[in-house]
Amino acid sequence: MQPDIPLNSQPSQLVLTQNKVLRNTYMMLSLTMIPTVIGAWFGISMNFAFMAQHPVLSMIGMLAVMFGMFMGIAANRNNSLGVILLLGVTFFFGLMLGPILQAALHFRNGAQLIGMAAGGTGIIFFTLAGIATVTKKDFSFMGKFLFVGLVMLVIASLANAFFHVPAASLAISAIAIMIFAGYILYDVSRIVNGGETNYVMATLALYLDIYNIFVNLLNLLMAFSGDRD
Numbered sequence: 015m016q017p018d019i020p021l022n023s024q025p026s027q028l029v030l031t032q033n034k035v036l037r038n039t040y041m042m043l044s045l046t047m048i049p050t051v052i053g054a055w056f057g058i059s060m061n062f063a064f065m066a067q068h069p070v071l072s073m074i075g076m077l078a079v080m081f082g083m084f085m086g087i088a089a090n091r092n093n094s095l096g097v098i099l100l101l102g103v104t105f106f107f108g109l110m111l112g113p114i115l116q117a118a119l120h121f122r123n124g125a126q127l128i129g130m131a132a133g134g135t136g137i138i139f140f141t142l143a144g145i146a147t148v149t150k151k152d153f154s155f156m157g158k159f160l161f162v163g164l165v166m167l168v169i170a171s172l173a174n175a176f177f178h179v180p181a182a183s184l185a186i187s188a189i190a191i192m193i194f195a196g197y198i199l200y201d202v203s204r205i206v207n208g209g210e211t212n213y214v215m216a217t218l219a220l221y222l223d224i225y226n227i228f229v230n231l232l233n234l235l236m237a238f239s240g241d242r243d
């Protein structure tokens, strides 16, 4: 005869697991900011002339490196190597902030623009993550729409890297902010509702959301609020 098991024990355990994943994700997300800042510091002093001269080739090369590192993280998500690779990829992303940070710092109010972009990104993230966490609403229905939007965004970005249309760049940035804001709801919702149980992969997803919102928000701020005088 088996001992009686409380009916609510399994749901309670599930909630504890989800809370642990969410807590570890936020802790790891905070940690990823360190290599990002270090990478950005190095990136500011680097020469990115090749990227400026060959934007399409550079973007394809960056995508190849990123997806290679993403595959490495996914393959090692359950061991310490996955954490090391995650920190490595965030350093790389910080390094790749170099060109846009260099462009921003050419403005007289460049440091203020960077601060505003960082602050705005933080507000967007904490607001949307808070909504997904508190309401516990399932935003998984957004997944297909967001993915289609992301694919179209990548295609548009590659095309604009070739044609260099300023108005298109601003439109792409505005759409990118909306898409990755939607991804914050989607990714946090997956953690809260048990769709994502690995904090390394959860951290990577949220990091990419935050990173892309920051970059595109800074691009818009430079266009509309940059002071060249």
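In our numbering, the protein residues as written are 15 to 243.
Just so you know, even glycine gets a beta-carbon here, dropped at the ideal spot from N, CA and C.
With 16 other Cβ atoms within 10 Å as the buried cut-off, status of residue i
i	result
Met236	buried
Gly196	buried
Ala54	buried
Ile138	buried
Pro17	Residue placement at Pro17 is poorly supported in this model, since its pLDDT is 46, which falls under 50; the coordinates still yield a value, given next. Classification for Pro17: exposed.
Met215	buried
Val148	exposed
Ala125	exposed
Ile12	The shown model of the chain, from 15 to 243, leaves out residue 12, and the question about it has no answer.
Met60	exposed
Leu77	exposed
Leu142	buried
Ser23	Any reading at Ser23 is ruled out, since the residue's pLDDT is 49, under 50, leaving its predicted position unreliable.
Val206	buried
Val35	buried
Met41	exposed
Ile198	buried
Whole-Å CB distance - residue i paired with residue j, under 8 Å assumed
i	j	result
Ile189	Leu167	6 Å
Thr39	Phe107	Rounded, the Cβ-Cβ distance is 17 Å, inconsistent with contact.
Leu231	Thr135	6 Å
Residue i versus residue j: straight-line alpha-carbon distance, rounded
i	j	result
Ala89	Gln67	35 Å
Phe161	Phe194	10 Å
Leu218	Val229	16 Å
Leu95	Gly86	9 Å
Met130	Ala146	24 Å
Ser44	Asn233	24 Å
Thr46	Ile224	11 Å
Ser183	Phe176	11 Å
Asn212	Ala117	37 Å
Leu127	Ile52	19 Å
Met73	Arg37	34 Å
Ile227	Arg242	24 Å
Phe56	Gly208	38 Å
Phe155	Leu222	20 Å
Asp201	Asp152	10 Å
Ser239	Leu101	33 Å
Gly82	Pro69	20 Å
Met65	Ser187	19 Å
Leu172	Val79	16 Å
Asn92	Thr31	15 Å
Ile169	Leu111	21 Å
Asn33	Val97	20 Å
Val165	Gly157	12 Å
Pro180	Gly144	34 Å
Phe84	Gly75	14 Å
Val29	Leu220	20 Å
Ala185	Phe159	18 Å
Phe62	Lys150	43 Å
Met15	Ser203	Any reading at Met15 must be qualified, since the residue scores a pLDDT of 39, below 50, and its modelled position is unreliable; no value is offered.
Ala132	Ile48	14 Å
Delimiting residues of the alpha helix (DSSP H) encompassing residue i
i	result
Lys150	Here Lys150 belongs to no alpha helix (DSSP H), and DSSP marks it neither H nor E.
Thr104	Ser94 to Leu109
Asn233	Tyr213 to Ser239
Phe159	Gly157 to Phe177
Phe121	Per DSSP, Phe121 belongs to no alpha helix (DSSP H) and is neither H nor E.
Met60	Per DSSP, Met60 belongs to no alpha helix (DSSP H) and is neither H nor E.
Arg91	No alpha helix (DSSP H) holds Arg91; DSSP gives it neither H nor E.
Gly196	Pro180 to Val206
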